[in-house]
Amino acid sequence: MISIQNLHASVEDKAILKGLNLEVKAGEVHAIMGPNGAGKSTLGNVLAGREGYEVTGGSATLNGTDILELDPEERARLGLFLAFQYPVEIPGVSNLEFLKASVDAVREQQGKEALDSVQFLKLAREKCKAVNLDQSFLKRGVNEGFSGGEKKRNELMQMMLLEPSLCILDETDSGLDIDALQVVAEGVNAMRDANRSFIVVTHYQRLLDYIVPDYVHVLANGKIVKSGGKELALELEEKGYGWLEDAATAE
Amino acid sequence: MSEFIQQQLQHVDALERSAWLQQATDGSRDVFANASVPTRKTELWKYTPVRALTEGVYAQAAQTFSAAGLDEYATIPALGSHRLVFVNGRLSQELSSHEALAQVTLFSQADEQQQQLIRQHLDDVMRGSQRHWLNELNSAATNDGVLIHVGKNQRLQQPLQVTWLTTPQAQAFSVNARLLVVLESGAEATLVEHYDSATDAQNSFTNAVTEIRLGANAQLQHYRLQLMQEDALHVGAVHTDLGRDARYQSFHVSLGSRLSRNDLVVNHTEGGSHCEMHGVYVPQNQQLVDFHSCIEHAVAHCTSNEVFRGIMNDSAKAVFNGRIHIHPQAQKTLAELSNKNLLLTNKAEINTKPELEIYADDVKCAHGATVAQLEEKALFYLQSRGISRDEAEVMLSFGFINELLEAQPHDALVQYLRPILARRFGRDFQLSRHLL
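Order-wise, the sequence lines are chains X and Y.
Take 25 as the starting number for the first sequence in the working numbering and just add one per residue.
Take 494 as the starting number for the second sequence in the working numbering and just add one per residue.
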């Protein structure tokens with residue numbers, strides 16, 4: 025699915041990722057945890073192609089395609105999806121228009137037939153229901169005036185509509201109460217299948233009670249410093265990150 | 494005397510008008526004859542050169558024109574309006590449907606009572622410092638003016654649409670558009686003032702003045718749409734007097750043209766009145782749009798809210814000068830003015846100047862102007878969902894304008910304007926298709 029090798033990246037000339045390696049196979053869920061400032065969000069932004077995040081070394085291939093030279097929209101059309109930590113509000117453009125443009129672009133790339141507006145509306149309504157958002161949210165401006173939880177559910181709805189092969193959830197759980205977290209987790213779990221992979225970036229172990237990962241990695245100082253199974257998350261919860269950070273610096 | 498002024502005076506002198514109208518306009522003729530063409534040193538015209546206008550040669554239409562093929566330009570679908578349609582300045586009976594409406598009269602057909610009303614209000618609302626030389630020309634050349642008079646506690650059930658079309662002819666015309674709107678106390682109406690041109694390049698000059706007087710507790714919803722081809726020249730003014738507790742809501746659209754100058758003046762003359770003035774301008778190529786607005790708070794307990802947004806593409810240029818003047822007696826005024834602009838290229842230009850002049854001490858006022866480019870993080874968000882950068886730019890530009898458009902109360906107008914504005918940014922269908 026995605027293979028990341030020796031990835032180096034910097035923001036405003038400051039090195040953030042310093043040789044990150046990660047291998048995610050189809051159907052797997054990998055959690056990436058780590059202290060603030062470790063580079064967790066940078067990883068998602070670099071993979072999605074955000075401007076200002078400069079790759080200074082290494083490679084990332086998604087299903088065999090090197091994605092680091094591609095525009096963000098090309099990566100999205102190849103099946104990469106980043107659920108934002110802070111989804112952007114776009115007043116004046118309705119959620120429905122935005123979703124249709126997005127789905128049209130991705131389906132076209134995949135050689136699927138375009139949905140007409142009636143078919144699309146039906147589909148969008150279904151997905152609204154699945155993430156427990158009222159249908160009126162389709163008519164509102166993109167994320168405009170949505171609460172934190174509503175924004176995250178809107179991200180989830182986009183993910184369901186686009187059916188990506190690799191989903192990166194960037195601190196999707198931050199600021200959510202348990203009810204909202206459960207809705208998001210249920211949605212994610214329903215999308216898990218043998219052909220779809222997830223990278224779940226989080227600061228809190230709590231999320232992993234609901235989305236149970238196959239692997240847990242600790243990102244500190246721009247590198248993965250420890251990897252393990254889901255029990256590693258519990259250990260981190262207990263001990264904090266200090267012991268790993270020390271190890272990373274000592275290297 | 495400049496050639497342009499001379500040429501226009503010949504048109505004025507050639508008009509055949511009834512004596513009372515002739516008399517009512519003589520004063521303005523003299524002022525215009527003695528006017529000088531503004532230069533860069535003239536404060537009101539500092540950023541707006543008028544050379545594109547004054548170097549032209551314009552004819553005055555003597556005949557009426559065929560309506561063939563023009564209906565589509567004059568039609569705003571689903572508005573269900575009564576309408577008056579002028580073609581190159583001459584009323585087209587064929588395209589118009591106002592006959593049954595007792596509230597609408599042409600100046601030339603006014604009966605004695607209506608003449609009296611016209612004489613009472615004409616040029617009286619348009620007073621003060623923002624009245625300029627071309628407004629004087631309009632007054633001097635007033636002939637086929639339109640009076641809209643809604644009586645006490647009456648309501649015009651349907652919107653009234655007044656359209657001025659220009660069509661490509663062998664020569665460029667100068668078109669004089671004049672509206673006088675008088676709403677007696679408690680009256681209500683919706684007015685759509687609409688300027689458009691049939692396809693093909695043409696450099697007609699439309700000079701428009703609208704005067705509005707709202708009586709106590711009267712309410713007017715006013716749309717002013719400037720949708721002409723880009724070679725057109727447009728100079729327009731709207732002057733409004735608000736009586737006690739009157740409510741005036743207006744929405745202005747200017748696509749831009751070779752010269753598009755708009756003066757908007759609102760006078761709060763009695764307490765309790767409210768003015769809502771929103772507008773968008775979206776010039777492209779070499780076009781120029783200029784909005785000069787002035788809200789006069791002369792009395793206490795009035796409110797104003799003015800919001801204008803502009804997007805300048807290519808080498809286009811815009812001027813926004815928004816003035817709010819709060820007189821010493823105007824205590825308890827609430828006034829807000831906001832002007833936001835997007836520049837889509839390095840060559841596009843905006844000159845914005847919000848001016849707040851306050852002489853009362855117990856008021857609440859705010860004003861602000863911003864100039865920016867499309868937000869990178871919003872573009873990235875759309876791109877990260879597979880939408881191309883080009884389409885993302887179109888969507889964000891449209892959204893910036895649409896925020897004001899979709900808040901308008903008449904859905905037929907919103908639906909009519911939406912594709913016109915969307916195509917402005919997505920000039921290629923592939924880029925605007927999701928907004929249509």
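We put the CB at the ideal spot given by N, CA and C, even for glycine.
In this text, all values refer to a predicted model and were calculated from it rather than measured experimentally.
- Between V655 of chain Y and L577 of chain Y the beta-carbon gap is near 5 angstroms, inside 8 angstroms, which marks them as a contact.
- Excluding the 5 residues flanking it on each side, A828 of chain Y has same chain C-beta neighbours closer than 6 angstroms at S797, I817, C858, in chain order.
- Within the DSSP bridge table, the entry for G765 of chain Y names no partner.
- Interface with chain X (8 angstroms Cβ-Cβ cutoff): K870 of chain Y is included.
- Shown here, Q613 of chain Y sits in a helix according to DSSP, grouped into three states.
- Within the segment 58–82 of chain X, those residues whose Cβ lies closer than 7 angstroms to any Cβ of chain Y are, in chain order, A72, R74, E75.
- The C-beta of L180 of chain X comes no closer than 8 angstroms to any C-beta of chain Y.
- Rounded to whole angstroms, E75 of chain X and G82 of chain X show a C-alpha spacing of 18 angstroms.
- Note that the segment 733–749 of chain Y touches the segment 758–772 of chain Y; at least 3 beta-carbon pairs, one per stretch, sit closer than 8 angstroms.
- Secondary structure remark: continuous beta strand (DSSP E) runs of at least 3 residues inside the segment 539–580 of chain Y, in chain order: 575–580.
- Per DSSP, reduced to three states, the secondary structure at P661 of chain Y is coil, with no helix or strand assignment.
- From the beta-carbon of I894 of chain Y, the residues of chain X found nearer than 9 angstroms are G116.
- In this structure, the alpha-carbon of L41 of chain X lies about 14 angstroms from that of L92 of chain X.
- At least one CB atom of chain X sits nearer than 8 angstroms to the CB of Y874 of chain Y.
- Assignment of beta-bridge partners to G252 of chain X by DSSP yields X:V240.
- Assignment of alpha helix (DSSP H) within the segment 71–148 of chain X, counting only whole runs of 4 or more residues, yields 96–101, 119–133 in chain order.
- Straight-line measurement puts the Cα of L897 of chain Y at about 34 angstroms from the Cα of I611 of chain Y.
- Approximately 6 angstroms separates the beta-carbon atoms of N778 of chain Y and A809 of chain Y; this is inside 8 angstroms, confirming the contact.
- At a Cβ-Cβ threshold of 8 angstroms, L752 of chain Y and L720 of chain Y do not count as neighbours.
- DSSP places F893 of chain Y in the uninterrupted alpha helix (DSSP H) bounded by 882–898.
- At a cut-off of 8 angstroms between C-beta atoms, L867 of chain Y does not count as an interface residue with respect to chain X.
- Any Cβ of chain Y closer than 8 angstroms to the Cβ of K124 of chain X would place that residue at the interface, and such an atom is present.
- About 6 angstroms separates the beta carbon of V775 of chain Y from that of L748 of chain Y, a gap short enough to meet the 8 angstroms contact definition.
- At a cut-off of 8 angstroms, the C-beta of E686 of chain Y has no neighbouring C-beta in chain X.
- Taking the Cα of L147 of chain X as reference, the smallest distance to any Cα among X:E187, X:A100, X:E78, X:H54 is reached at X:E187.
- Put simply, of X:V48, X:G58, X:A33, X:V35 the residue whose alpha carbon is nearest the alpha carbon of K263 of chain X is X:G58.
- Bridge partners of E789 of chain Y according to DSSP: Y:N760, Y:H818.
- Where F497 of chain Y is concerned, the enclosing alpha helix (DSSP H) starts and stops at 496–507.
- Of all residues in the segment 895–915 of chain Y, those with a C-beta nearer than 9 angstroms to a C-beta of chain X are N895, E896, L897, L898, E899, reading in chain order.
- If you look at L190 of chain X, you'll find it in the beta strand (DSSP E) that goes 190–194.
- Boundaries of the alpha helix (DSSP H) around L232 of chain X: 231–234.
- CA-CA distance, P821 of chain Y to M888 of chain Y, rounds to 45 angstroms.
- Shortest Cα-Cα distance from E97 of chain X to any of X:P115, X:N87, X:K64, X:E132 involves X:E132.
- DSSP places V597 of chain Y in the uninterrupted beta strand (DSSP E) bounded by 597–599.
- Of all residues in the segment 762–773 of chain Y, none is placed with a Cβ closer than 9 angstroms to any Cβ belonging to chain X.
- Pairing A528 of chain Y with W626 of chain Y gives a Cβ-Cβ distance under 8 angstroms.
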